[in-house]
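Following this note's numbering, the numbering of the sequence shown begins with 1 at its first residue and continues without gaps. Note that beta-carbon positions come from the ideal geometry of N, C-alpha and C, so glycine has one too. From a predicted model like this one, the values you see are computed outputs, not experimental measurements. Remarks on the structure that follows.
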Amino acid sequence: MCGIVGYVGVKQAAPILLEGLAKLEYRGYDSAGIAVRDAGNEHVEVVKAKGRLKNLMEMTDSGKAVRGTCGIGHTRWATHGEPSAVNAHPHYSREKRVVVVHNGIIENYQEIKAALQRKGYAFATQTDTEAAALLLDSYYSEAGRSGMAPRERALSAIRDMMIRVRGSYALGILFGDQPGVMYAARKDSPLIVGRCDGELAGHMIASDVPAVLSYTRNVVYIDNLEIACLTQEEMHLYNIDCEEIEKPVVEIRWDAAAAEKEGYEHFMMKEIHEQPRAVRDTLSPRIREEDGAKRVDLSETNLTDEDFAAISRIRLIGCGSAYHVGMAARYVIEQLARVPCDVDLASEFRYRSPILEERELVVIISQSGETADSLAALRLCKESGIRTLAVVNVVSSSIAREADAVMYTWAGPEISVATTKAYSTQLAALYLLAVKLAVVRGQIDEAREQELIEQMLELPDKIERVLSDKERVQWFANKMASCKDVFFIGRGLDYAISLEGSLKLKEISYIHSEAYAAGELKHGTISLIEDGVLVVGVATQPELFEKVVSNMVEVRSRGAYLFGLTTYGQYAIEDTVNFTVYVPRTDALFATSLAVVPLQLLAYYISCAKGLDVDKPRNLAKSVTVE
Ligand code: G6P
């Protein structure tokens, strides 16, 4: 949700900022702006444009029209104030004495604004960020009166601002009278500093690694309530008391190509195709051979077998698709391990005074590791002394660092707003947890353990097989692109798959869709079924197959057009449905991993057929760092 970037060094900043913003556009894309400072004079030039980044690129001739070697940039997902050039960042005080880009929300901005207005400050925008910029200006003026050196003065102003504001922020800051210096500060929004060597010599700041990866692999992760002061040559880091601190420089191992489309038309399609590799990478390192048998190894969690055996309840928490992973994993964990399992939407969890058990394990599921509600839920659990495990994709993200233990999903960078490979890897990680729990709790015998592990390890190849049949889904999607309402129905795990299929479709094709537990249709929703309404019936669970098919017959007799999704062998479905997609057979508990793929493809191809922006659907952003 909003991306920030900054560069100070020997090169012209604007093209670097624009390239960095292009890599962060997944975080928000309703407007963008840059501020660049030419070392030779006091002038900070600010250019902002409503709409996609390409508008800003055109206005600045791809950055060539804005001269200067120090600058900050922003791509926005509007929270306070409509998307417009005025509300776009950077925001600044009079004469651009303080210029700021911000990812996050200043919660008490109205109170700050009122106080500043009383002091004579005038506001030009409806944003919360402007309050932070002008507050900084006010503290900077105060610090100036006490005769401090420039850096001391800036640090003191930033610290006072951090103490005064409530909410979340990753800030990039320029002071008009400090050429060649860039500051940054963070609380609860991601922020990294990149150290560029060689001909690019300098430093960068960014919300996420892909923005700096063309320039450097050496980054420092800034933590909460820390401040960075950067020049071409120097990086100084401070805590909130303005004491200088040392932090490790981390080398990013994955390469820039991982964040490129590599010949695919969209990131979403590339990421759909990466699922076999991503699922394999998530599963394989955690399966180890021992005495001729395969075992799930979760030693990275620092939980012993005794710890796993003593868990009284599993609580799965996430947002969006991560929540849907929880919905599917609950069936798997409860059936295999017989541990009671709750699934919570992070945004609801903390507002219902949850009753937590001392011996429960809370699993926070998150691709980005930065989702505000998921992070807040994690903190609530930690404050209550409950053990937490993060299933996270982005290494060193806030959730990964704050949880007691972390299982990384090795999906690699996911750029498309609609998640695909992160979903699949989260699911795989939770299968491992389910099998581990089942074994240590004596719920399954050795033969079943081996069978489950084999089935898991075969999933990547089976996903590949589903992908090899994608043209059939494309054909159907082209036929259905003009439909207005779609219902996804299923029972048990198939209901969990339906939830994800429906979300995928609505988020990128803008077609109204809903997922229903098939047995619930008769309690209301069936009244919405009329001639031509598309119903996707998911029937991968053998013991529920007939019941779901009966529900399909019920909607068909009321005019529905039916897409059936089942496993090879269940050919009886063809008597009922208009179009069928089969996925390879696997253990029924793992069917989600295969059945979700045609639904991802359906959403993708419908979005393409409608000519929509698949990777950047309207009103959405990938990383939701506001509540
Ligand atoms: C956004 C994304 C979804 C994602 C959800 C949770 O809505 O578009 O794809 O499932 O946030 O994000 P997280 O990073 O916590 O998995």
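Worksheet item: Would the beta-carbon of Ser374 be found less than 7 Å away from any heavy atom of ligand 1?
Response: On the sequence shown, position 374 is the one that residue 374 refers to. Yes, the beta carbon of Ser374 sits closer than 7 Å to at least one heavy atom of ligand 1.
Item to complete: Measure the C-alpha to C-alpha separation of Thr216 and Ala259 and round it to an integer number of angstroms.
Response: As a first step, residue 216 is located in the sequence shown; it is residue number 216 there, counting from the start. As a first step, residue 259 is located in the sequence shown; it is residue number 259 there, counting from the start. Going from the Cα of Thr216 to the Cα of Ala259 covers about 14 Å.
Item to complete: Measure the alpha-carbon distance for Gly490 versus Ser168 and round it to whole angstroms.
Response: In the sequence shown, the residue the question calls residue 490 occupies position 490. In the sequence shown, the residue the question calls residue 168 occupies position 168. Take the alpha-carbon of Gly490 and the one of Ser168: they are about 39 Å apart.
Practice prompt. From the DSSP output, in three-state form, read off Lys50 for me.
Written response: Against the sequence shown, residue 50 aligns to sequence position 50. When DSSP states are grouped into helix, strand and coil, Lys50 belongs to the strand group.
Fill in: Own chain residues within Cβ distance below 6 Å of Ile112, not counting five before or after
Indexing the sequence shown from 1 puts residue 112 at position 112. Excluding positions up to five away in sequence, the list reads Ala131, Leu135.
Worksheet entry | Between the CA atoms of Glu58 and Val538 - distance to the nearest angstrom | Reading the sequence shown from its first residue, position 538 is the one you call residue 538. Reading the sequence shown from its first residue, position 58 is the one you call residue 58. In this structure, the alpha-carbon of Val538 lies about 47 Å from that of Glu58.
Practice prompt. Would you kindly report the start and end of the unbroken beta strand (DSSP E) that includes Cys2?
Written response: On the sequence shown, residue 2 is found 2 positions in, with the first residue counted as 1. No beta strand (DSSP E) contains Cys2, which DSSP labels as neither H nor E.
Practice prompt. Take Gly9 as the anchor and find which of Gln335, Gly71, Tyr26 has the nearest alpha-carbon.
Written response: For the purposes of this step, residue 9 is taken as residue 9 along the sequence shown, with counting starting at 1. Relative to Gly9, the option among Gln335, Gly71, Tyr26 whose CA is nearest is Gly71.
Discussion item. Judging by CA-CA distance, which residue of Leu200, Met480, Ser593, Lys610 is the nearest neighbour of Gln12?
Written reply: Residue 12 sits at position 12 when you count from the first residue of the sequence shown. Among Leu200, Met480, Ser593, Lys610, the Cα nearest to that of Gln12 is on Leu200.
Worksheet item: With burial defined as no fewer than 16 other Cβ atoms inside 10 Å of the residue's Cβ, what is the status of Ser299: buried or exposed?
Response: Numbered from 1 along the sequence shown, position 299 holds the residue referred to as residue 299. Burial call: exposed.
Worksheet item: Any idea what DSSP makes of Gly167, helix, strand or coil?
Response: By 1-based counting over the sequence shown, the position of residue 167 is 167. Residue state, collapsed to three classes: strand.
Item to complete: Run the proximity test for Ala309: is its beta-carbon closer than 7 Å to any non-hydrogen atom belonging to ligand 1?
Response: In the sequence shown, residue 309 corresponds to position 309, counting from 1. No; taking the cut-off as 7 Å, the Cβ of Ala309 has no heavy atom of ligand 1 nearer than that.
Practice prompt. Tell me the start and end of each unbroken alpha helix (DSSP H) in the segment 395-426 that is at least 4 residues and wholly inside, in chain order.
Written response: Fully enclosed alpha helix (DSSP H) runs of 4 or longer: 398-402.
Fill in: Spatially closest choice to Ile252 from Leu230, Val279, Leu213, Glu233, by CA coordinates
Within the sequence shown, residue 252 is the residue found at index 252, counting from 1. Among Leu230, Val279, Leu213, Glu233, the Cα nearest to that of Ile252 belongs to Leu213.
Fill in: Check: Gln275 C-beta below 7 Å from any heavy atom of ligand 1
To locate residue 275, count along the sequence shown from 1; it is residue 275. Not one heavy atom of ligand 1 falls within 7 Å of the beta-carbon of Gln275.
Worksheet item: Is any heavy atom in ligand 1 found nearer than 7 Å to the beta carbon of Phe622?
Response: Working through the sequence shown from its first residue, we reach residue 622 at position 622. Per the sequence shown, the amino acid found at residue 622 is Lys instead of Phe. Checking every heavy atom of ligand 1 against the Cβ of Lys622, one is found closer than 7 Å.
Item to complete: Using DSSP bridges, identify the partner residues of Ala185.
Response: Here residue 185 corresponds to residue number 185 of the sequence shown, with the count starting at 1. Here Ala185 is bridged, per DSSP, to Leu171, Ile227.
Discussion item. Shorter than 7 Å, the distance from the beta carbon of Ala259 to the closest heavy atom of ligand 1, or not?
Written reply: Mapped onto the sequence shown, residue 259 falls at position 259. False, no ligand heavy atom lies under 7 Å from that Cβ.
Item to complete: Over the uninterrupted alpha helix (DSSP H) stretch that includes Gly501, give me the two end residues.
Response: The residue you call residue 501 lines up with position 501 of the sequence shown. Note, Gly501: alpha helix (DSSP H), 493-509.
Worksheet entry | Span separating the alpha-carbon of Tyr331 from that of Ile386 | Position 331 of the sequence shown holds residue 331. Position 386 of the sequence shown holds residue 386. One C-alpha to the other measures close to 23 Å.
Worksheet item: Cβ-heavy atom distance between Ser321 and ligand 1 below 7 Å?
Response: Counted from its first residue, the sequence shown places residue 321 at position 321. Distances between the C-beta of Ser321 and the heavy atoms of ligand 1 include at least one below 7 Å.
Worksheet item: In three-state terms, what does DSSP make of Ala157?
Response: As a working note, residue 157 is residue 157 in the sequence shown. Three-state DSSP puts Ala157 in a helix.
Worksheet item: Quick one: complete alpha helix (DSSP H) runs, 4+ long, within the segment 506-566?
Response: Listed in chain order, the complete alpha helix (DSSP H) runs (minimum 4 residues) inside the segment 506-566 are 545-556.
Worksheet item: Going along the chain, which unbroken runs of the beta strand (DSSP E) with 3 or more residues stay wholly within the segment 10-74?
Response: If we require 3 residues or more, the beta strand (DSSP E) runs fully inside the segment 10-74 come out as 31-37, 44-50.
Item to complete: Would you check if the distance between the CB atom of Ser138 and the CB atom of Arg76 is smaller than 8 Å?
Response: Residue mapping note: residue 138 aligns to position 138 of the sequence shown, counting from 1. Residue mapping note: residue 76 aligns to position 76 of the sequence shown, counting from 1. In this structure, Arg76 does not lie closer than 8 Å to Ser138 by Cβ.
Item to complete: Could you tell me the distance, in whole angstroms, from the CA atom of Glu520 to the CA atom of Glu514?
Response: Taking the first residue of the sequence shown as 1, we reach residue 520 at position 520. Taking the first residue of the sequence shown as 1, we reach residue 514 at position 514. A straight-line Cα-Cα distance of about 12 Å links Glu520 and Glu514.
Discussion item. Looking at Val209: is its Cβ nearer than 8 Å to the Cβ of Thr371?
Written reply: Taking the first residue of the sequence shown as 1, we reach residue 209 at position 209. Taking the first residue of the sequence shown as 1, we reach residue 371 at position 371. No, they are not a contact pair.
Practice prompt. Quickly, what does DSSP pair Val220 with across the bridge? List them, please.
Written response: Your numbering for residue 220 matches position 220 in the sequence shown. Bridge partners of Val220: Val193.
Worksheet item: Can you give the Cα-Cα distance for Asp188 and Val549, rounded to whole angstroms?
Response: For the purposes of this step, residue 188 is identified with residue 188 of the sequence shown, where counting begins at 1. For the purposes of this step, residue 549 is identified with residue 549 of the sequence shown, where counting begins at 1. Approximately 47 Å, taken between the alpha carbons.
Discussion item. To the nearest angstrom, how far is the alpha carbon of Lys436 from that of Asp297?
Written reply: Within the sequence shown, the letter at position 436 stands for residue 436. Within the sequence shown, the letter at position 297 stands for residue 297. Rounded to the nearest angstrom, the two C-alpha atoms are 8 Å apart.
Practice prompt. Measure the beta-carbon distance from Val193 to Val219 and round it to whole angstroms, keeping in mind my assumption that it falls under 8 Å.
Written response: As a first step, residue 193 must be located in the sequence shown, where it is residue number 193. As a first step, residue 219 must be located in the sequence shown, where it is residue number 219. Confirmed, Cβ separation roughly 7 Å.
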